[in-house]
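Working notes for the structure below.
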Amino acid sequence: MASPLPLQGNPPAAPAAPTAGAVPRVRRVPAAQRVSAAARLGTAVAVGLVMMFPLYWMVTIAFSPNADVFSRELKIWPSEWTLDNFRTVFGSFPTATWFGNSVVITAIVTVLTVTVNLLSGYAFAKLDFRGKGVIFLLVLSTMMVPVQVLMVAQFRLVTELGIYGTFWAVILPSAASAFGIFLARQFIIAIPDELLEAAKVDGAGNIRIFLQIILPLCKPLIAVLVLLTVMYQWNDFAWPLIALKDSQLFTLPIGLLYLRGQYGADYGAIMALALVSITPIVIMFLAFQKYFVQGLARSGIR
Amino acid sequence: MSADTSAREESTGGASPRAGPGATSTARPGREPRRQRSTLTSYGFLGPNLVLLGIFLFLPLGWAFLISFQESSGFGASGWVGLGNYRRLITDPTFWQSALNTAVFTLITVPLSLALGLGLAVLMNSVLPGRRLFRTLIYLPMVISGVATALMGVLLFDEATGILNKLLRGGGLAGVPWQSEGTAAFASIILVTLWIRVGFNMVIYLAGLQGISPELYEAAKLEGASSWQQFRHLTIPLVGPSTFFLLIMDVIYSFQVFDTIFVMTGGGPGRSTSVLVTYAYENGFVTRDQSYAAAIGIVIFLLTLIFTAIQWRGNRSRDTAG
């Protein structure tokens, strides 16, 4: 992956010559350059270690016996590898249920959000209608509004609707997200109009055009939208914290906070659950890094 | 958000199935008669989204304005107090402390995120063995939940059992009072935020760097420019659009940081790490002064709106210039 956003027309990756790593060339490189190459590598290794360390430490503590955490001496490696913390987390807390809740809520929000955003993206990109500019601006203006602005009113709304404390209280406000609309519009706008015109000549309506022409061309877009929505929803904290009350219905982030409330400084258990909660997203990220990075760069959300 | 300046559009190529420069969506002659039907169809496509946004976003937004002009009385608000809640804000020292903390936090994290992001982007754009692995490591914190990240912070910065203090004490130094002293707690939050945030800054800068023609650097080298001079007089000006975009996004991110602070310090010790979003939450759902929380929310909303508007203006002027 030469570029984090690698698609057609890979831009010339600045100073990186294609064969820079080849042995015969290194010999011809002057000493000063070799020193600077070593300095670059050293810096990169240092940065990599700093970025990795919190994750390494989480894993270490999750697999360490409790005594290690509280011992006064410094242990950089568990005195013995143990699954005790995971037994605590799964045995004394409804962790499996929390995991399932996260999966269900994330899945429903993702299907809802991606579907409605693709539909809107098509309308904003390819259809011509009254009020288009105003509505687009209005929709976009909501993208940066943090939940703390809306939380009191949203809380009253879900209470009035009678869904407070249920999954729907989390799902419906979360599905009302605009960030995908922008991405979808931008992608679909680049699909050549000629394709659509040809389909219209053949008598296809907008629904058929959307299903048979737009959607098949949108696979990369759908991948990006799905991955970002899954990540965002899986990690979401502030709103589920407000919308859920029954500990059996908690999602993993809320469960993590709950566990911490119960166990205080028992970092072993807390880190075990933290590890359980981040693993699916980390695996997804490692498998689909290209799409993640591209989506994050283009949508501007994190 | 509109991540795309026209410059980035070219450099990233994007996921767009762009066929050629002619592929635009401008209306062509002969469309006019279909417009009426098209409007109906369009709202059919927009409908589901507009219903969701209308009910769960715009309605609460309007409602929040109304609540902010009412008084909190137990469950549900009643009684209009006009600007009463806003007047209270002006004389509330905790509000001002939170606003000041928000500003200081933003002023420290944003320039550091930008500088680290650019530095790492330049490094990761150069010839480097294992470049892909290093990039992955820097991106990784971006995708990890705020709660898990904050709990890692709690683990590392724990005054008694955290590894940072153990390392310091092992080196014969005194441990830092990360939890009991305001400045140290503030610093710990900044460090965690940078850890999360540097990857995003690097992504955007990498895209910016890859849009710069290598010939410019060749020319500068022929003129005898040093690496620093190339960085200072070529790289920094040429990634200007990325810097502007990141500046706005980082500012918005920083003054909305909730998970990290809420979980790591809860605004403490005392009020030393309380920020506007955590103070709003505290009023809304801890002390249950919901009208006051709504008023703080409106202040946050107006600030967000200002920066979003700046971002759009910036984008538009660059788009027309380019």
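Protein chains in written order, with my numbering: chain A, 1089 to 1390; chain B, 297 to 618.
Beta carbons: idealized from backbone N, C-alpha and C, even for Gly.
None of these values were measured; they are calculated from a predicted model.
Per-residue burial, residue i [other beta carbons within 10 Å of its own, 16 or more giving buried]
i: T604 (chain B); result: buried
i: P407 (chain B); result: exposed
i: D546 (chain B); result: buried
i: I1295 (chain A); result: exposed
i: Y1144 (chain A); result: exposed
i: F1158 (chain A); result: exposed
i: Q1336 (chain A); result: exposed
i: I1371 (chain A); result: exposed
i: W1169 (chain A); result: exposed
i: T489 (chain B); result: buried
i: V571 (chain B); result: buried
i: G1349 (chain A); result: exposed
i: A1119 (chain A); result: exposed
i: R1273 (chain A); result: buried
Cβ-Cβ separation, residue j to residue i (assumed contact under 8 Å), whole Å
i: Y1210 (chain A); j: I1276 (chain A); result: 6 Å
i: Q1236 (chain A); j: G378 (chain B); result: About 23 Å separates the two Cβ atoms, so there is no contact after all.
i: A590 (chain B); j: S364 (chain B); result: 4 Å
i: T561 (chain B); j: R493 (chain B); result: Actually they are not in contact, since the Cβ atoms of T561 (chain B) and R493 (chain B) sit about 18 Å apart, beyond 8 Å.
i: F558 (chain B); j: T574 (chain B); result: 5 Å
i: L1264 (chain A); j: L348 (chain B); result: Looking at the sequence shown, residue 1264 (chain A) is not Leu but Ala. That pair is a contact at about 4 Å.
i: P565 (chain B); j: A481 (chain B); result: 6 Å
Residue i - DSSP class collapsed to helix/strand/coil
i: W1165 (chain A); result: coil
i: G1253 (chain A); result: coil
i: E367 (chain B); result: strand
i: G620 (chain B); result: Look at the range of chain B in this structure, 297 to 618, and you will see that residue 620 (chain B) is not part of it.
i: R1160 (chain A); result: coil
i: S509 (chain B); result: coil
i: S1335 (chain A); result: helix
i: Q475 (chain B); result: coil
i: L1171 (chain A); result: coil
i: V1123 (chain A); result: helix
i: L1215 (chain A); result: coil
i: S1190 (chain A); result: helix
i: I440 (chain B); result: coil
i: G318 (chain B); result: Summary for G318 (chain B): the model assigns pLDDT 38, below 50, so the residue's position carries little reliability; its value from the coordinates is reported in the next sentence. Correct three-state label for G318 (chain B): coil.
i: I1279 (chain A); result: coil
i: V582 (chain B); result: coil
i: D546 (chain B); result: helix
i: V1314 (chain A); result: helix
i: A1272 (chain A); result: helix
i: M1232 (chain A); result: coil
i: Q552 (chain B); result: coil
i: F1151 (chain A); result: coil
i: E1285 (chain A); result: helix
i: F603 (chain B); result: helix
i: F354 (chain B); result: helix
i: S1265 (chain A); result: coil
i: G343 (chain B); result: helix
Residue nearest to residue i in terms of C-alpha spacing, selected from the options
i: P437 (chain B); options: B:L512, B:M498, B:Y339; result: B:M498
i: A1311 (chain A); options: A:E1285, A:L1340, A:S1180, A:V1202; result: A:V1202
i: L336 (chain B); options: A:G1219, A:N1154, A:V1246, A:L1206; result: A:G1219
i: M1140 (chain A); options: B:L429, B:G466, B:T556; result: B:L429
i: L1315 (chain A); options: A:Q1377, A:G1188, A:I1295, A:Y1346; result: A:Q1377
i: L239 (chain B); options: A:Y1252, A:V1138, A:P1368; result: This structure gives no information on residue 239 (chain B), because the portion of chain B shown stretches from 297 to 618.
i: R1122 (chain A); options: B:W491, B:L424, B:P473, B:W474; result: B:L424
i: F1252 (chain A); options: A:A1263, A:A1264, A:I1330, A:G1293; result: The displayed chain sequence assigns Tyr, not Phe, to residue 1252 (chain A). Residue A:I1330 is the option with its Cα nearest to Y1252 (chain A).
i: Q586 (chain B); options: A:Q1236, A:V1191, A:V1240, A:G1291; result: A:V1240
i: A1125 (chain A); options: B:S368, B:F597, B:R427; result: B:R427
i: F354 (chain B); options: A:T1176, A:S1229, A:E1282, A:E1285; result: A:S1229
i: I1342 (chain A); options: A:V1133, A:D1156, A:T1183, A:N1173; result: A:T1183
i: W376 (chain B); options: B:L385, B:R384, B:Y382, B:Q366; result: B:Q366
i: S568 (chain B); options: B:P344, B:L342, B:G358, B:Q393; result: B:Q393
i: L433 (chain B); options: B:F554, B:V400, B:F341, B:G495; result: B:G495
Run of the alpha helix (DSSP H) containing residue i, from where it starts to where it stops
i: G635 (chain B); result: Any question about residue 635 (chain B) goes unanswered here, given that chain B covers just 297 to 618.
i: V571 (chain B); result: Segment: none, V571 (chain B) is in no alpha helix (DSSP H) and carries neither H nor E.
i: M1372 (chain A); result: 1355-1375
i: M560 (chain B); result: 555-560
i: V535 (chain B); result: It is not in any alpha helix (DSSP H) - V535 (chain B) carries neither H nor E in the DSSP assignment.
i: I459 (chain B); result: 459-466
i: T1247 (chain A); result: 1235-1248
i: G380 (chain B); result: 380-386
i: R1348 (chain A); result: 1340-1351
i: S523 (chain B); result: 523-526
i: G1221 (chain A); result: 1220-1229
i: I1295 (chain A); result: 1294-1297
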